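Quick note on numbering: the working numbering labels position 145 of the sequence shown as 778, and the sequence is numbered without any gaps. Every residue gets a Cβ at the ideal spot worked out from N, C-alpha and C, and that includes glycine. Since the structure is predicted, the reported quantities are computational estimates derived from the model, not experimental observations.
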Amino acid sequence: MSRLKKFVSVFLIALSAAFMLPDAKAATLPQPTGKVLLTVSGAITQHNTGDEAAFDRAMLQSLGMHKLRTTNPFETGIHEFEGVLLRDVLDKVGATGSKLIAFALDGYAVEIPASDAREYEVLLALVWNGKQMTVRNKGPIWVIYPLDRYDELKDEKYSARSIWQLGRLVVQ
C-alpha cells in the first residue's frame with residue numbers, strides 16, 4: 634500500500650472516530666436526586682432540566698468542598714464556612730455571560746459580576762461553623778467572599794453581593 638493510501642486510510646478512520654465521540658458541549662448534567670438547592674439558567678451550555686441546570690446538595694458537593702475562615706459584615710467575629718466555589722459551578726454549567734443575577738428565596742436579587750468568581754475564591758457556603766445551613770440560618774446557600782484575604786473586598790458593594798438563602802442564578 635502506498636504512503637498516500639495509508640495516510641488517507643488513517644485519516645478516514647480518525648475522522649469517523651471523531652464523529653462517533655460525544656460532543657462535550659452537548660453533554661448534559663446528571664439529574665438531581667435530592668431536593669434542588671440551586672438552579673442556574675441563562676447563558677449556559679449545560680442543562681439537566683429544560684434550559685436550566687438544577688443542583689441538589691450532593692451534586693454541589695461533588696464539585697469539591699472548600700473551607701474558608703473569614704469575617705462577615707452580617708455576623709460578629711471570624712466564622713468558618715464550607716461549600717463550593719462559585720467559579721466551579723459556573724464552569725460546570727458552561728456559563729458564558731459576564732454577569733450573574735443572584736436571587737434569594739425571599740425575592741431579594743443582586744447583580745454579581747462573573748469576574749468576581751474568577752478573581753476571588755467566592756464560596757457558595759452550605760455549611761456554617763460546622764452545621765449544615767438551612768433556610769432558618771441564612772441557607773441553604775450563602776454567597777461568601779473571602780473578605781480577610783483581599784482588602785478591596787471590605788467594601789459595601791461586596792457586602793450587598795453576599796446574598797443568603799440563594800436559590801437561583803441567572804447568567805447574562
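Three-state secondary structure (DSSP) of residue i
{"i": "D724", "result": "helix"}
{"i": "A687", "result": "strand"}
{"i": "R782", "result": "coil"}
{"i": "S748", "result": "helix"}
{"i": "Q694", "result": "helix"}
{"i": "K790", "result": "helix"}
{"i": "N681", "result": "coil"}
{"i": "N770", "result": "helix"}
{"i": "Q664", "result": "coil"}
{"i": "L738", "result": "coil"}
{"i": "Q765", "result": "strand"}
{"i": "S731", "result": "coil"}
Cβ separation of residue i and residue j, assumed to be a contact under 8 Å, to the nearest whole Å
{"i": "Q798", "j": "G675", "result": "Contact flag wrong, Cβ pair sits at about 20 Å."}
{"i": "R720", "j": "R751", "result": "6 Å"}
{"i": "A687", "j": "P663", "result": "The Cβ separation is near 10 Å, so there is no contact."}
{"i": "L757", "j": "A747", "result": "The Cβ separation is near 14 Å, so there is no contact."}
Same chain, Cβ closer than 6 Å to residue i, neighbours up to 5 away in sequence not counted
{"i": "A657", "result": "Annotation note: pLDDT 42 at A657 (below 50); position unreliable, coordinate value reported separately. Counting only Cβ-Cβ distances below 6 Å, and skipping sequence neighbours, we find nothing."}
{"i": "A793", "result": "V743"}
{"i": "T703", "result": "P779, L780, D781"}
{"i": "P655", "result": "Bear in mind that the predicted position of P655 carries a pLDDT of just 41, short of 50, making it unreliable; the figure below should be weighed with that in mind. Taken in chain order, the list of residues that qualify is empty."}
{"i": "P773", "result": "L670, M766"}
Residues sharing a beta bridge with residue i, DSSP
{"i": "L756", "result": "L718, I777"}
{"i": "Q798", "result": "Note: Q798 sits in no beta bridge, so no partner."}
Other residues of its chain near residue i: CB distance less than 7 Å, five sequence neighbours each side excluded
{"i": "A735", "result": "A742, V743, I745, V776, I796, L799, L802"}
Beta-carbon proximity check, residue i vs residue j, cutoff 8 Å
{"i": "L759", "j": "L696", "result": "no"}
{"i": "L738", "j": "V717", "result": "no"}
{"i": "N762", "j": "E713", "result": "yes"}
Nonlocal neighbours in the same chain, by C-beta distance under 8 Å from residue i, ignoring five residues either side
{"i": "N681", "result": "T661, L662, P663, Q664, P665, A687"}
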